[in-house]
Amino acid sequence: DQQVKQNSPSLSVQEGRISILNCDYTNSMFDYFLWYKKYPAEGPTFLISISSIKDKNEDGRFTVFLNKSAKHLSLHIVPSQPGDSAVYFCAASDRSGTYKYIFGTGTRLKVLA
Amino acid sequence: DTAVSQTPKYLVTQMGNDKSIKCEQNLGHDTMYWYKQDSKKFLKIMFSYNNKELIINETVPNRFSPKSPDKAHLNLHINSLELGDSAVYFCASSQVRADLYFGPGTRLTVT
Chain R
8 DQQVKQNSPS LSVQEGRISI LNCDYTNSMF DYFLWYKKYP AEGPTFLISI SSIKDKNEDG
68 RFTVFLNKSA KHLSLHIVPS QPGDSAVYFC AASDRSGTYK YIFGTGTRLK VLA
Chain D
383 DTAVSQTPKY LVTQMGNDKS IKCEQNLGHD TMYWYKQDSK KFLKIMFSYN NKELIINETV
443 PNRFSPKSPD KAHLNLHINS LELGDSAVYF CASSQVRADL YFGPGTRLTV T
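These protein sequences, in sequence, are chains R and D. For what it's worth, the numbering used here labels the leading residue of the first sequence as 8, then goes sequentially. For what it's worth, the numbering used here labels the leading residue of the second sequence as 383, then goes sequentially.
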């Protein structure tokens, strides 16, 4: 039972354009969401997070949007750069409960120069 | 300055052997985790320790035994290795209910 889903396994975007990565979740108890970036042969690197009390969080070129009613979050990267090419994972947690973070299956982003 | 480190980075071994993976974090975090990334690239939690106390133990075969000698270290020992144990194992740490920081991973190959 996959509680966090990333339905697009891959995405290609032209350099300078916007990249939009999507994530859906099923557990309404999730109240904290994170995005990670992963290069081959490295561990996932934390990018940005958002609490359920917000609907948007920005950090430089990265913005995460949260739509609680739709149980959907998205990561926007503007402008996209070739160095952004990586696998992106979303993760969710019920911070009032256990310390468990549930990850999506990842989306491979390729930014074309 | 490495925040979360794991050794070894690569581990190739035969079925039936026993092996350990070590993890250390210098972030001062209270909570440490082991995640497994299988061939389908799912990142699944295996264990979590908070201040040396086991708080999450997913449905992992009891051939896997985590050990936390102190809150900066969380080791993973695997007995009687099987082919299906081949995966990348990631250690991670966090403050209480905060963002996870991952190590570089250990690629385990069982032949």
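Here a beta-carbon is modelled for each residue, glycine too, at the ideal position from N, C-alpha and C.
| query | result |
| --- | --- |
| Assigned secondary structure, residue 89/R (DSSP; H/G/I helix, E/B strand, else coil) | helix |
| Inter-residue spacing [alpha-carbon to alpha-carbon] between residue 443/D and residue 434/D | 21 Å |
| Chain R contact for residue 429/D (CB, 8 Å cutoff) | no |
| Contacts that residue 41/R makes with chain D (C-beta to C-beta distance below 8 Å) | 481 and 482 |
| Alpha-carbon spacing of residue 411/D relative to residue 484/D, whole angstroms | 12 Å |
| Three-pair Cβ contact test at 8 Å for the segment 423–439 of chain D versus the segment 106–118 of chain R | yes |
| Other residues of its chain near residue 406/D: CB distance less than 7 Å, five sequence neighbours each side excluded | 387, 454 and 455 |
| Proximity below 8 Å, CB of residue 143/R to CB of residue 43/R | One cannot answer for residue 143/R here, as it falls past the ends of chain R, which runs 8 to 120. |
| Interface flag, residue 448/D vs chain R, CB-CB below 8 Å | no |
| Chain D contacts made by the segment 29–55 of chain R, where a contact means CB separation under 9 Å | 39, 41, 43, 45, 48, 49, 50, 51, 52 and 53 |
| Residue 20/R versus residue 71/R: straight-line alpha-carbon distance, rounded | 18 Å |
| Three-state class that DSSP yields for residue 467/D in the structure shown | helix |
| CB contact flag (residue 490/D, residue 468/D, <8 Å) | yes |
| Whole-number beta carbon distance between residue 30/R and residue 7/R, since they are thought to touch under 8 Å | Residue 7/R is absent from the model: chain R starts at 8 and stops at 120. |
| Euclidean distance between Cα positions of residue 439/D and residue 91/R | 34 Å |
| Between the CA atoms of residue 392/D and residue 458/D - distance to the nearest angstrom | 14 Å |
| Of the residues 39/R, 54/R and 40/R, the one placed nearest residue 46/R, counting alpha carbons only | 54/R |
| Proximal chain R residues relative to residue 410/D, where beta-carbon distance stays under 8 Å | Simply none; closest approach about 16 Å. |
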